[in-house]
């Protein structure tokens, strides 16, 4: 009897569906993105294909102020810096997987403001919003899947 294939997913904590709007910035990229899930050590974002960060680059994560999908307290607790581990290859919107880093270890500046919340004056207010998860993955803004 054949053995089941081993899962390529190495995380020790489960993925938690989310629907937060973030700004990803650093190393030549500045774009809005939807966080579609997170685990203890990282997250997955949906970004426009023409604006994805480079593989293995370091990006600042900044929750965009005014996102009604998550309370500000929850967004402030998320790490502010991440390294890009994987990028999907197909489609107008790409899934970007990141691993959270400590800002001091990454050697990057932090955005001004309280926690990881972008202020209204941040350039994120002038970039196009990402395509929402419900249009791409079959998820609603609340993080539930459609049947």
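Residue numbers (the working numbering): 19 to 165. Even glycine gets a Cβ: it sits at the ideal position worked out from N, Cα and C.
In the structure shown, residue 68 adopts helical secondary structure according to DSSP, grouped into three states. A residue is called buried when at least 16 other Cβ atoms come within 10 angstroms of its Cβ; residue 78 meets this threshold and is buried. For residue 110, the secondary structure class from DSSP, reduced to helix, strand or coil, is coil.
Straight-line measurement puts the Cα of residue 52 at about 10 Å from the Cα of residue 61. The C-beta separation of residue 82 from residue 39 comes to about 5 Å, placing the pair in contact by the 8 Å criterion.
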